[in-house]
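Okay, so here's the structure we're looking at.
Chains as they are written, first to last, in my numbering: chain A, 1 to 338; chain B, 1001 to 1433.
Okay, here's the thing in structure tokens:
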């Protein structure tokens, strides 16, 4: 019984939140890894693209709510999501046309492209704050829980409950759908194969007659769609606030590099490693250990490795360790030469 | 500097003069002070990026280290807090040093294949051992009069001292970070430094025993004569009258700002002189050679990694000095104001606009970008206010747009950066080739 309680406790406070968070990071990291693999630069504006997409989704959600549209028990934001995706795709395509295409044709170093993405970051960050403001926006309507901790306790008779928020379940379902669709696309379709070929070896891909502009365009479309999805799910699950999306870059980059650059499967694995590490390192294990130990016994301290304020440190440590120990990542990705 | 460069500086001076005449001299002097600090930050980043080609996206972190140093140097110590937890903190620090030494020694003692596991085990052991003393000590310190202090305080020394110490602290941190992170690919270094700067800010925000965290430390001592003294000083009033000011309060504000401007100018000139000397020396030529082709430079026998470490440390030191100066000017430490857009990427815009690799360019970029950054706010208000008049005086959209107008300066900075990169990639005052 005590063991079951311990497991339930851990599931409720670590497993479920970390899984939802991991799925959100994974969707973001997939976009970064695609761009890293195909355009060969670290896209620092990715967080702001996410933010822009979520903002568009939220604005459309508000409009729908104003019209009295509702899909209760599901959150209205699900209807806003397609608009967010379209907005993010529009942003990436316009940015590519106006900013990145020129540098691509000049065959500049990755540093110049990364620097150009800082310019885009400024523009998007300003637009987002101008349009929706810097404050946090809560958009989760609909049912809050699939199952509450209380119901779970009633059902099982355990002392610890497992609550599953609807937004967490939705995150997972949508993320799985998006990933399956992406992997199917990359593995089975002609365009997907062209993208993988281009990512592996540009010259060879060009020789085989792959149209680079098309590959790049598809990469941006996928990136925009995933970014908006990730950010909208994140905002539903937690809260939307513009400044978060610069900070969230760090776990996303950590996941990308951990997984191996240009490796979509690696990005997903990396995202979950980062998310689980972050949540576990900042979780206080006191009650968990209390259940496992002898009766009426609990350690005196919180048994928390690090306060939640330092959660970036976790991504950062993962990042540095990977770069020093295995710079290619889990799944051997490319190490682009200097 | 070329005649074109001199022209840009003349235009900049005219813009500042116009601000003084048409807005107010108080605003103009305030902008000049911040322009000088921005120029120093840009010089620091230029040393790293312009000389060495290092992508440091962690400028914010080193600025904040300088800022914390300024606070710690100048604030008087809180005796009660020291009695409550000083010993515990000192013990924790000693243990931290001991842990590091043990790890370093152990790494030498054990065979190579055991090095990583032994290090990991020792890090974890040390971490828990230190916390035994550290956590209770911080709790006791933070419990001491939390409304007013709740931290250890500082050393009660003159704040000007921190302009040197801030640079040293930032340099020390940069050395540690550089040891680990340099040698990474350029954009990996950018990601790593971006992460480090977020961690530094998190520490400053949440280690309340050291910095009071989000509750800020205000009323730092200032390196200027007390305002009350000037208020009653006859010589001051007569000087003010001589300049045609009958408002003593405004005159005092101007005088304070002038003192800061003079101090900042001295620092800028000193740093600039050293930077120019370094750039023109054989060392500067070597740095440029490494930047342009590191493999060739390495083949010539140049130690690329340690040269990179050198420029990284030097640049961060300069940024740290600027951070301490900024806090001195503000008279307070406010950790929540540190955001990467303002303290990292804005400095990048300055360097890229001015001209990477050229110190004159870095200064010009610092001046222009800070001027535009400040003036964009009132201009944005005025502009959007007028453009949206067609909607009607108090249309909700108009009010929303006016309240958001301030954020359009981010957009402006992005547009400036992208335009310069595209059409004048070498900046306004290009590096001499």
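Ideal Cβ placement from N, Cα and C applies to all residues, glycine included. All values reported here derive from a predicted model rather than from experimental measurement.
Check, Outcome
"Leaving aside the five residues before and after residue 1265/B along the sequence, list all residues of the same chain whose C-beta is less than 7 angstroms from its C-beta, in chain order.", "1036"
"In three-state DSSP terms, what is residue 1220/B?", "coil"
"Where do the ends of the beta strand (DSSP E) carrying residue 146/A lie?", "145-147"
"Does the segment 1314-1334 of chain B come into contact with the segment 1038-1049 of chain B, if we say contact requires no fewer than three beta-carbon pairs (one atom in each stretch) closer than 8 angstroms?", "yes"
"Tell me the rounded alpha-carbon separation between residue 204/A and residue 196/A.", "12 angstroms"
"Step through the CB atoms of chain A and report whether any lies within less than 7 angstroms of the CB of residue 1177/B.", "no"
"Suppose you measure from the CA of residue 1041/B to the CA of residue 1344/B; what does that come to, to the nearest Å?", "10 angstroms"
"In this structure, how does DSSP classify residue 284/A when only helix, strand and coil are distinguished?", "strand"
"Return no unless some Cβ of chain A is closer than 7 angstroms to the Cβ of residue 1198/B.", "yes"
"Against chain B, does residue 338/A count as a neighbour if the rule is that its beta carbon must be under 7 angstroms from one of theirs?", "Per-residue confidence for residue 338/A stands at a pLDDT of 37, beneath the threshold of 50, marking its modelled position as unreliable; the derived number appears in the next sentence. True, the Cβ-Cβ gap to chain B drops below 7 angstroms."
"In this structure, what does DSSP give as the bridge partners for residue 1077/B?", "1153/B"
"Is residue 240/A helix, strand or coil by DSSP?", "strand"
"According to a CB-to-CB cut-off of less than 7 angstroms, which residues of the segment 252-278 of chain A neighbour chain B?", "253"
"Can you give the Cα-Cα distance for residue 337/A and residue 93/A, rounded to whole angstroms?", "The predicted model places residue 337/A with a pLDDT of 44, which falls under 50 and marks its position as unreliable, so this point remains unresolved."
"Look up residue 40/A in the DSSP assignment and say whether it is helix, strand or coil.", "coil"
"Can you check which of these residues, 235/A, 218/A, 322/A, 299/A, is closest to residue 47/A by C-alpha distance?", "235/A"
"For residue 164/A, name the three-state secondary structure that DSSP assigns.", "strand"
"Report the residue from 1156/B, 1287/B, 1125/B whose alpha carbon sits nearest the alpha carbon of residue 1310/B.", "1287/B"
"Please name the residue or residues paired with residue 1333/B in a DSSP beta bridge.", "1217/B"
"Does residue 1182/B come out as helix, strand or coil in the three-state DSSP assignment?", "strand"
"Note down, in chain order, each residue of its chain lying with its Cβ closer than 8 angstroms to the Cβ of residue 318/A, except the 5 sequence neighbours on either side.", "254, 258, 273, 274, 277"
"So what does DSSP say about residue 304/A, is it helix, strand or coil?", "strand"
"Look at the Cβ atom of residue 1338/B, then the Cβ atom of residue 1060/B, and state whether they are nearer than 7 angstroms.", "yes"
"Suppose you measure from the CA of residue 1140/B to the CA of residue 304/A; what does that come to, to the nearest Å?", "19 angstroms"
"For residue 88/A, which option in 128/A, 183/A, 225/A, 320/A has the closest C-alpha, if you only look at C-alpha atoms?", "225/A"
"With respect to the alpha helix (DSSP H) encompassing residue 1359/B, which residues constitute its N-terminal and C-terminal limits?", "1359-1387"
"Do residue 8/A and residue 162/A have their beta-carbon atoms positioned less than 7 angstroms apart in this structure?", "yes"
"Cα separation between residue 1197/B and residue 1069/B?", "16 angstroms"
"Only counting runs of 4 or more residues, tell me where the alpha helix (DSSP H) segments fall wholly within the segment 1065-1136 of chain B, in order along the chain.", "1087-1109"
"Going residue by residue through the segment 193-226 of chain A, where are the continuous alpha helix (DSSP H) segments of at least 4 residues, counting only ones entirely within it?", "202-207"
"Please list the terminal residues of the continuous alpha helix (DSSP H) segment that includes residue 1211/B.", "1208-1211"
"List the residues that DSSP assigns as beta-bridge partners of residue 137/A.", "240/A"
"Would you say the segment 1415-1431 of chain B touches the segment 108-127 of chain A, given that touching needs at least three Cβ pairs under 8 angstroms?", "yes"
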